[in-house]
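In what follows, a single structure is set out as structure tokens and then discussed.
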Amino acid sequence: MKKRIGIAVLGLGWMGQAHSRAALRIASLFPDAKFKPELVVCADVEQGRRDRAVNDFGFARAVPGFEEAVTAKDVDAVWVTAPNMLHVPMISAAAAAGKAIFSEKPIGGTPAQTVEAFKIATKHSTPTGVGYNYLWSPLVIHARELISSGAIGKVTHYRGRFLSMYGSDELGLLTWRFKFAQAGYGVTSDILSHSVSLAHFLVGDIAEVTGMKNNTITHRPLPTGAASHYGRGKATDPKGEVENEDFASMLCSFKNGATGTFETSRSMVGPESQNAFEVYGTEGALSWNLEKINELQFYKREDGVNTGYKTIYGGDRFPFHGAFAPGMANAIGFEDLVAIEDLNFMNCLATSERYTPGFKEAVDVVSVQQALINSWTSRKWEPVVDLAK
Numbered sequence: 060m061k062k063r064i065g066i067a068v069l070g071l072g073w074m075g076q077a078h079s080r081a082a083l084r085i086a087s088l089f090p091d092a093k094f095k096p097e098l099v100v101c102a103d104v105e106q107g108r109r110d111r112a113v114n115d116f117g118f119a120r121a122v123p124g125f126e127e128a129v130t131a132k133d134v135d136a137v138w139v140t141a142p143n144m145l146h147v148p149m150i151s152a153a154a155a156a157g158k159a160i161f162s163e164k165p166i167g168g169t170p171a172q173t174v175e176a177f178k179i180a181t182k183h184s185t186p187t188g189v190g191y192n193y194l195w196s197p198l199v200i201h202a203r204e205l206i207s208s209g210a211i212g213k214v215t216h217y218r219g220r221f222l223s224m225y226g227s228d229e230l231g232l233l234t235w236r237f238k239f240a241q242a243g244y245g246v247t248s249d250i251l252s253h254s255v256s257l258a259h260f261l262v263g264d265i266a267e268v269t270g271m272k273n274n275t276i277t278h279r280p281l282p283t284g285a286a287s288h289y290g291r292g293k294a295t296d297p298k299g300e301v302e303n304e305d306f307a308s309m310l311c312s313f314k315n316g317a318t319g320t321f322e323t324s325r326s327m328v329g330p331e332s333q334n335a336f337e338v339y340g341t342e343g344a345l346s347w348n349l350e351k352i353n354e355l356q357f358y359k360r361e362d363g364v365n366t367g368y369k370t371i372y373g374g375d376r377f378p379f380h381g382a383f384a385p386g387m388a389n390a391i392g393f394e395d396l397v398a399i400e401d402l403n404f405m406n407c408l409a410t411s412e413r414y415t416p417g418f419k420e421a422v423d424v425v426s427v428q429q430a431l432i433n434s435w436t437s438r439k440w441e442p443v444v445d446l447a448k
């Protein structure tokens, strides 16, 4: 008999909706799942979103306050998908109530808050998961297998980047993502965290870093109510100051001796969602880009004239892909990765296994972020110190 998992979602913005849709899809996509998800309660301060939760997503009920949701007896697991600076109090309440917790990244708006969330979960022996969803791309999993098998030899260099245009419009609204009190740090928390998690997954731990930051757009139009960070104001609108970084770059050395470069921006024009990596080894290389999610580029050192990268297309020969589309080169998408990660998280809850990435892996990521932040002031190489210790 499948284990029932009652779900509470805290915040029905983009990611709250994505995880809710994942819960609705899992039974049909993965009939062998070890659990049966049930959307029990959604907490959101906006009445319109609460109405959508019940009418469009099928939640049994919706409430304005998260405390009522996380203490409900029919809730087993809580998804934290609210603005970053709200995560720690939500995590604290859910852990105290004995619920499993899946939090979108970053689990805290600052490295210190992430460590606080980790310690809270550890104190309560809380099962945890974090939304580094790109680790669940079937082709990213295949890339890791190729690296582990020695297909590209010894890894010598890693290049990671997440370049997005969501903040490139100077008339883009000053939403919570641009305010330190609500978001914490900017692109280093929001999207560089994905690049670092991929590097950890593919290559290993980072030993030391140095880097820089910058703000391309320093002021933005003020919103007149709840608004998406994709919303747009007018040139004549009152403006407010952007309080966190638009751009960051980082050099690093890995503990295994490889070197690395990272770059992240929300304000560059051109790359619309270029979450990408390149892994270089002594015998070959791999390259993947979210904008071409269904393609993995593979270079193998060979004799002769017919050298170069070849394209490996995604398909049902790779893990999880066949649940969404049969055959080869039939692409999957972003929310499919969310469904895969939620499947694996809840399977772990059903079998009492530890899910990764969890809050400890989030601390590993922010330990790198903190070293980068330190380098902004020192302008020197900074060691990565495990903040969990």
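Start counting the sequence shown at 60; every next residue gets the next number (my numbering). Glycine included, every Cβ here is placed at the ideal spot set by N, Cα and C.
- Closest in alpha carbon position to T318, among F260, A388, H216, is H216.
- An exposed status is given to N273, since fewer than 16 other beta-carbon atoms sit within 10 Å of its beta-carbon.
- Residues of the same chain with a CB within less than 6 Å of the CB of N433, apart from the 5 flanking positions on each side, are E441 in chain order.
- Approximately 44 Å separates the beta-carbon atoms of Q241 and M387; this is outside 8 Å, ruling out the contact.
- Listed in chain order, the beta strand (DSSP E) elements of length 3 or more contained wholly in the segment 113 to 177 are 120 to 122, 136 to 139, 159 to 162.
- Ranked by Cα distance from T269, the first of H253, P282, E322, L230 is E322.
- Taking the Cα positions, R325 is about 9 Å away from S332.
- Between the alpha carbons of E175 and E420 lies a gap of roughly 14 Å.
- Inclusion of P280 and K298 in the CB contact set at 7 Å is warranted, their separation being smaller than that value.
- With contacts defined as CB atoms closer than 7 Å, G292 and S254 fail to qualify as a contacting pair.
- Per the coordinates, the alpha-carbon of G290 lies some 32 Å from the alpha-carbon of E337.
- Counting along the chain, the unbroken alpha helix (DSSP H) around V424 starts and ends at 418 to 437.
- Relative to the Cα of H380, the nearest Cα in the group T366, I399, V364 belongs to I399.
- Within a 10 Å sphere around the beta-carbon of W138 sit 16 or more other beta-carbons, which makes this residue buried.
- Boundaries of the alpha helix (DSSP H) harbouring V255: 251 to 261, taken from the DSSP string.
- Spatial neighbours of H183 in its own chain (CB-CB distance under 8 Å, excluding positions within 5 residues in sequence) are listed in chain order as A154, A155, G157.
- Within the same chain, V422, D423, S426 come within 8 Å of D445 by CB-CB distance, once the 5 residues on both sides are set aside.
- The closest CA to that of G329, considering only V262, L402, D228, is found on D228.
- Taking 3 residues as the shortest admissible run, the segment 316 to 398 contains the following complete beta strand (DSSP E) segments, listed from N- to C-terminal end: 318 to 324, 332 to 340, 343 to 348, 354 to 359, 369 to 372.
- Residue S346 holds the alpha-carbon nearest to the alpha-carbon of Y372 among C311, D264, S346.
- G209: not part of any beta strand (DSSP E); DSSP gives it neither H nor E.
- The secondary-structure analysis by DSSP pairs F221 across a beta bridge with T323, N334.
- In summary, A86 is exposed, with fewer than 16 beta-carbon neighbours lying within 10 Å of its beta-carbon over all protein chains present.
- By the C-beta density criterion, R360 is exposed, having fewer than 16 other C-beta atoms within 10 angstroms.
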